[in-house]
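The sequence shown begins at 24 in this note's numbering and counts up by one. The C-beta atom is built at its ideal place from N, Cα and C for all residues, glycine as well. This one's a predicted model, so the numbers in the text were calculated from it and none came from an experiment.
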Amino acid sequence: MPFSYHPHPLQRYWDIASAAVQADALAAALELGVPDALRDYATAHDTARRLGLQPAATAPLLDLLWSIDVLDRTEADGDMPHRYRVSEGARRYLLADSAAFCADALLFRLRSLRGAGGRLGRQLRPEQGQDVPRAPTGSDLDWAQAARVQIGQEQRAVSVDAALHVMARVPEAAQTRRWLDLGGGPGWIGIALAKLWPDSQGVVFDGPATAAVAGENIAREQLSHRVRAVGGDIGGDIGGDAGGRTGDGAGGDAGGDRTRDSIGEGHDLVWCSSVLHFVPDVDAMLRRVLAALRPGGLFVCAHAEVGASREQAAAVLPFYLPMMVLGRHVGAAGSGEAALERAGFQCLRRFASPEFPMAPLQVLVARRPNA
24 MPFSYHPHPL
34 QRYWDIASAA
44 VQADALAAAL
54 ELGVPDALRD
64 YATAHDTARR
74 LGLQPAATAP
84 LLDLLWSIDV
94 LDRTEADGDM
104 PHRYRVSEGA
114 RRYLLADSAA
124 FCADALLFRL
134 RSLRGAGGRL
144 GRQLRPEQGQ
154 DVPRAPTGSD
164 LDWAQAARVQ
174 IGQEQRAVSV
184 DAALHVMARV
194 PEAAQTRRWL
204 DLGGGPGWIG
214 IALAKLWPDS
224 QGVVFDGPAT
234 AAVAGENIAR
244 EQLSHRVRAV
254 GGDIGGDIGG
264 DAGGRTGDGA
274 GGDAGGDRTR
284 DSIGEGHDLV
294 WCSSVLHFVP
304 DVDAMLRRVL
314 AALRPGGLFV
324 CAHAEVGASR
334 EQAAAVLPFY
344 LPMMVLGRHV
354 GAAGSGEAAL
364 ERAGFQCLRR
374 FASPEFPMAP
384 LQVLVARRPN
394 A
């Protein structure tokens, strides 16, 4: 009788443990400049010499990067060793001169998730949790700097296309003339919306310091006559925990009492992605959005939810558990519609989008009733 072999039941947990090594190897490769050093095929010895690394340690690192599809590798042939080159899939995002370069954003995700995971044990113990400070939310100036670098990179490389693909599934949005990007950060999604709707005018709203960054980007794209960056308080504690905001950022001109800053009125459409996770009172924020829309106006929002199946939960919780431990809002499937209905919206449809950074988001399309 032939033998049948199966992985040990512990293998799934060993794989989880080994993922930390993969993450650290990727971080090391990005910090050392491995992708740019391997634009063309080279041996491990030549790569080590170019980057000033230990040759004996470089070969297994490159093999691991090949195993996770960061690098391509040729077959060894006799005395000819393997040669390595950045893979086609990684080339678009990890080469410094690529328009979609986002290695800094990826490093930020690697570091912030690792740091947040390291705090979990202390945060979960009642006798210690009170002594463990919340993950730093960062000042408005911190967010402005992030908008210039990692958040800006991620918006341009990932979130812009994701948002445009969402709008392609909302045919009612085609008639938009006045829009608001709530929590729009460096403004790249707002810029994309302005180009999508060439007869429209819009506002990118977020915290004050980063509005200057959004304003610079808007001016660089020669859209200042149609798009404004406005700064103020979105509605609470917008910060930099692991998980982060996919639409992230801050806003522009601020003044007065920021806890009552207006987000405008009469908008045809309000767009919001991964911002409501950070707002202390979601219901109050949704009422503000409702009031900012004209009767019949659309609210299109995209946020993570924890699905009912094991597979759905596994796609979200590794990224959002650190936020949830800190009291951030990440609801169960269907909680978004319930919140919108409480605020007075008419829910039109929902669909999942796997195209945003990190985890699939649930897109909800709702309307302010005409009456």
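Could you say which of the options lies nearest to residue i if we only look at CA atoms?
i, options, result
"Leu61", "Leu85, Ala80, Gln45", "Leu85"
"Trp315", "Cys295, Glu334, Ala327, Pro303", "In the sequence on display, residue 315 carries Ala and not Trp. Comparing Cα positions, the closest option is Cys295."
"Ala123", "Gly230, Gly140, Arg115", "Arg115"
"Gly367", "Ala327, Arg192, His68, Met308", "Met308"
"Arg179", "Ala128, Ala191, Val226", "Ala128"
"Phe131", "Gly144, Gly350, Ala80, Ala51", "Ala51"
"Gln146", "Cys125, Tyr107, Val348", "Val348"
"Asp184", "Leu216, Ala46, Tyr64", "Leu216"
"Gly350", "Arg243, Asp47, Phe301", "Phe301"
"Gly354", "Met346, Cys370, Ala327", "Ala327"
"Arg243", "Tyr107, Pro209, Ala80, Pro221", "Pro209"
"Ser376", "Leu187, Arg333, Trp220, Gly287", "Leu187"
"Leu203", "Asp100, Trp37, Ala43, Gly289", "Gly289"
"Ser297", "Ser285, Pro318, Asp165, Cys324", "Cys324"
"Pro341", "Ile39, Pro25, Gln34", "Ile39"
"Leu136", "Ala43, Leu33, Glu334, Ala71", "Ala43"
"Gln176", "Thr70, Val388, Trp211, Ala71", "Trp211"
"Gly319", "Ala196, Glu378, Leu219, Ala331", "Ala196"
"Ala67", "Glu54, Met103, Val386", "Met103"
"Arg317", "Arg373, Arg372, Ala389", "Ala389"
"Gly230", "His248, Asp165, Ala191", "Asp165"
Does the distance from the CB of residue i to the CB of residue j come in under 7 Å?
i, j, result
"Arg391", "Leu313", "yes"
"Thr199", "Ser182", "no"
"Phe228", "Leu205", "yes"
"Pro22", "Ala338", "With the chain covering 24 to 394 only, the question about residue 22 has no answer from this structure."
"Val250", "Ile257", "no"
"Gly112", "Asp92", "yes"
"Ala232", "Ala167", "yes"
"Val189", "Val226", "no"
"Ala126", "Leu117", "yes"
"Leu76", "Ala48", "no"
Note the first and the last residue of the continuous beta strand (DSSP E) segment covering residue i.
i, result
"Val323", "316-326"
"Trp220", "First-last for Trp220: undefined, no H or E at that position."
"His395", "In the structure as shown, the chain starts at 24 and stops at 394, and residue 395 therefore has no counterpart that could be examined."
Taking DSSP's pairing of strands, which residues face residue i in a bridge?
i, result
"Asp107", "Here residue 107 turns out to be Tyr, not Asp, going by the sequence shown. Bridge partners of Tyr107: Ala65, Arg96."
"Gln34", "Bridge partners of Gln34: none, in fact."
"Ser376", "Leu384"
"Gln369", "Arg390"
"Asp204", "Val227, Trp294"
"Val329", "Ala355"
What span of residues does the alpha helix (DSSP H) with residue i cover, start to end?
i, result
"Val339", "333-348"
"Ser135", "126-147"
"Glu244", "Element bounds for Glu244: n/a, residue is neither H nor E."
"His188", "183-191"
"Val57", "57-60"
"Ile174", "173-177"
"Asp86", "78-90"
Pull up the CB-CB distance for residue i and residue j, whole angstroms please, since I reckon it's below 8 Å.
i, j, result
"Asp304", "Arg365", "Actually they do not touch by this definition, with Cβ atoms about 12 Å apart."
"Leu395", "Leu321", "Nothing can be reported for residue 395, as the shown portion of the chain is limited to 24 through 394."
"Pro345", "Gly140", "7 Å"
"Ala361", "Val329", "Not confirmed; about 14 Å, so no contact."
"Arg171", "Val236", "6 Å"
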